[in-house]
DNA sequence: TTCCGCATGTAATCTGTTACATGATTAC
DNA sequence: GTAATCATGTAACAGATTACATGCGGAA
């Protein structure tokens with residue numbers, strides 16, 4: 004339901020083509036908290052036009068054929084209605100955290116450290132982008148957009164801090180003590196070893 | 004591809020039923036960075052059994068019929084292979100950030116503040132959970148799991164800080180200045196008003 | 001006796017991506 | 001001249017959710 008509205012939101016900035024909308028999520032600030040592919044965009048543009056929320060602006064052929072879309076009055080209304088609707092709490096799907104939570108003593112910590120280093124590289128890139136973007140002199144950020152950018156900054160800094168902290172802990176082999184009233188960690192290792200052994204015997 | 008592996012990961016802790024796996028994501032720490040529904044879980048359990056990665060433990064009928072699954076040697080291997088594979092950088096879809104970025108001067112700031120207050124309430128709940136969980140005396144967290152929990156703590160604290168900062172800025176009407184070399188903010192408001200007016204005239 | 005939590009499962013549906021097809025224009 | 005970027009679009013598929021159907025056991 005929200006892809007449509009995100010498209011309307013992008014079009015509220017300025018009339019855009021499908022290609023352009025994709026670029027907005029690929030190379031620009033919007034990509035920090037949303038994304039979509041061509042396979043979604045073009046069919047949705049068609050649908051939004053059919054519903055009378057957007058209309059194509061016929062270009063006076065500057066060479067390339069392209070179809071820019073603009074919001075209709077109905078489109079503006081729908082966009083703003085969406086803005087006032089309470090947003091859903093973001094759904095997180097974080098494979099690294101999932102893996103880390105189920106890591107165990109028979110695994111090699113070096114591998115986990117490597118996962119963290121990869122994550123660190125991307126996070127640093129994004130943080131650089133977020134810090135540079137608002138003052139690069141060319142891109143558009145509204146006053147409200149600055150608050151979103153600030154969110155990215157705080158979140159990425161927190162993440163970076165955690166990554167560095169975690170790598171240090173793993174390297175020094177000074178993991179904090181968990182909570183294990185039923186001795187599950189030991190049971191896990193025992194179950195695993197029993198399984199591996201039963202296989203080797205067969 | 005990852006739902007299967009998340010199920011294997013949960014089963015690595017201890018043998019579980021489908022209902023149990025769901026509960027793990029619903030009421031426990033794993034829910035902070037992953038989630039899934041029954042409609043995914045049961046068919047996947049069937050599939051994993053067919054592939055020989057898990058097997059059912061027949062319960063000595065303690066009244067209720069239930070089917071607990073345990074990892075096979077092959078299942079342990081697959082799980083650990085997955086652990087060593089570099090995790091994808093998490094995809095973020097944050098409706099609040101999307102809305103905030105495209106908020107504009109003709110909207111009511113109070114509505115945006117309300118969105119932030121709702122977000123704050125949930126974030127505070129989660130933070131309370133994250134802080135309480137590792138010392139509640141009953142739940143299981145491995146030493147590695149503590150690192151994940153720490154991530155949640157840092158991330159949620161950063162988010163809370165940002166929410167409070169943003170509410171304050173909006174209440175005092177002291178938004179920072181964005182970057183707008185082409186006067187897009189004015190153009191946006193003009194396009195919008197023209198659209199609304201053209202409709203009223205018709 | 002009624003409701004809630006435990007427990008399993010499927011069918012219909014939705015939502016979105018990947019991969020492909022096609023072609024023009026621009027920069028090197 | 002050739003690689004990259006601009007540009008539109010579709011078909012097949014993947015992935016997951018919602019809603020439903022079913023039923024037991026324990027608590028109030």
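Residue numbers (the numbering used here), protein chains in the order written: chain A, 4 to 205; chain B, 4 to 205. Using N, Cα and C, we set each Cβ at its ideal position, and we do this for glycine too. The model shown is predicted, which means the values in this text are computed figures rather than measured ones.
(request) Determine which residues share a DSSP beta bridge with residue 59(B) and list them. (result) As a working mapping, residue 59(B) is identified with position 56 in the second chain. Beta-bridge pairing links residue 59(B) to 72(B).
(request) Indicate the three-state DSSP secondary structure (helix, strand or coil) for residue 19(B) in the structure shown. (result) Here residue 19(B) is taken as the residue at index 16 of the second chain, counted from 1. Looking at residue 19(B) - three-state DSSP - the assignment turns out to be strand.
(message) Could you check whether residue 148(A) and residue 133(A) sit closer than 7 Å to each other, using their CB atoms as the reference points?
(response) Locating residue 133(A) in the first chain gives position 130, where the first residue counts as 1. Locating residue 148(A) in the first chain gives position 145, where the first residue counts as 1. No, the pair does not count as a contact, with Cβ atoms beyond the cut-off.
(request) Answer with buried or exposed for residue 175(A), where buried requires no fewer than 16 other C-beta atoms within 10 angstroms of its C-beta. (result) Translated into positions along the first chain, residue 175(A) becomes position 172. Counting Cβ neighbours within 10 Å, residue 175(A) comes out exposed, since fewer than 16 surround it.
(request) Return the residues of the region 133-151 of chain A that lie within a Cβ-Cβ distance of less than 9 Å from chain B, sorted by chain order. (result) 136, 137, 138, 139, 140, 141, 142, 143, 144, 145, 146, 147, 148, 149, 150, 151
(request) Could you tell me the distance, in whole angstroms, from the CA atom of residue 25(A) to the CA atom of residue 102(B)? (result) Numbered from its first residue, the first chain carries residue 25(A) at position 22. Numbered from its first residue, the second chain carries residue 102(B) at position 99. The straight-line gap from Cα to Cα measures roughly 18 Å.
(request) Please list the partners that residue 199(B) has in chain A, where partner means a Cβ-to-Cβ separation under 7 Å. (result) Residue mapping note: residue 199(B) aligns to position 196 of the second chain, counting from 1. By Cβ distance, chain A contributes 76, 79.
(request) Would you tell me roughly how many angstroms separate the C-alpha atoms of residue 37(B) and residue 56(A), rounded to the nearest one? (result) By 1-based counting over the second chain, the position of residue 37(B) is 34. By 1-based counting over the first chain, the position of residue 56(A) is 53. Spanning the two alpha carbons is a distance of roughly 35 Å.
(message) For residue 131(A), count the other beta carbons within 10 Å of its own beta carbon; 16 or more makes it buried, fewer makes it exposed. Which is it?
(response) One-based indexing of the first chain puts residue 131(A) at position 128. Exposed, because fewer than 16 other Cβ atoms sit within 10 Å of the Cβ of residue 131(A).
(request) Please name the residue in 98(B), 192(B), 80(B) whose C-alpha comes closest to that of residue 202(A). (result) Within the first chain, residue 202(A) is the residue found at index 199, counting from 1. Taking only the C-alpha atoms, the option nearest residue 202(A) is 80(B).
(request) Tell me residue 177(A)'s beta-bridge partners as DSSP assigns them. (result) As a first step, residue 177(A) must be located in the first chain, where it is residue number 174. DSSP, once it has assigned bridges, lists no residue as partnering residue 177(A).
(message) Under 7 Å, Cβ to Cβ, is there at least one residue of chain B near residue 96(A)?
(response) As a first step, residue 96(A) is located in the first chain; it is residue number 93 there, counting from the start. Cβ-Cβ to chain B under 7 Å: yes for residue 96(A).
(message) I'd like to know whether the C-beta of residue 27(B) is nearer than 7 Å to at least one C-beta of chain A.
(response) One-based indexing of the second chain puts residue 27(B) at position 24. Closer than 7 Å: no.
(message) Please list, in chain order, the chain A residues whose beta carbon lies closer than 7 Å to that of residue 91(B).
(response) Here residue 91(B) refers to the residue found at position 88 of the second chain. What residue 91(B) touches in chain A: 98.
(request) Check the C-beta distance from residue 146(A) over to residue 184(B) and give it rounded, since I have them as a contact under 8 Å. (result) Residue 146(A) sits at position 143 when you count from the first residue of the first chain. Residue 184(B) sits at position 181 when you count from the first residue of the second chain. About 14 Å; that fails the 8 Å criterion.
(request) Find the nearest neighbour of residue 150(A) within the set 182(B), 186(B), 93(B), judged by alpha-carbon distance. (result) Working through the first chain from its first residue, we reach residue 150(A) at position 147. With distances taken between Cα atoms, residue 150(A) lies closest to 182(B).
(request) Please specify which runs of the beta strand (DSSP E), each continuous and at least 3 residues long, are wholly inside the region 101-142 of chain A, giving them in chain order. (result) none
(message) Which residues in chain A have a C-beta closer than 9 Å to the C-beta of residue 38(B)? List them in chain order.
(response) Locating residue 38(B) in the second chain gives position 35, where the first residue counts as 1. In chain order: 94, 95, 96.
(request) Decide if the region 162-174 of chain B is in contact with the region 43-51 of chain A; the criterion is three or more beta carbon pairs, one per stretch, under 8 Å apart. (result) no
(request) On a CA-only basis, which of 21(B), 60(B), 58(B) is nearest residue 43(B)? Give me that one, please. (result) Taking the second chain and counting its residues from 1, one reaches residue 43(B) at position 40. If we check each option's Cα against that of residue 43(B), 21(B) comes out closest.
(message) Measuring alpha carbon to alpha carbon, tell me which residue in 119(B), 113(B), 12(B), 78(B) is nearest residue 97(B).
(response) By one-based count along the second chain, residue 97(B) stands at place 94. That would be 119(B), whose Cα lies nearest to the Cα of residue 97(B).
(request) Going by CA-CA distance only, name the one from 77(B), 193(B), 61(B), 127(B) that's closest to residue 108(B). (result) Looking up residue 108(B) in the second chain gives position 105. Looking at the Cα atoms, 193(B) is the closest of the given residues.
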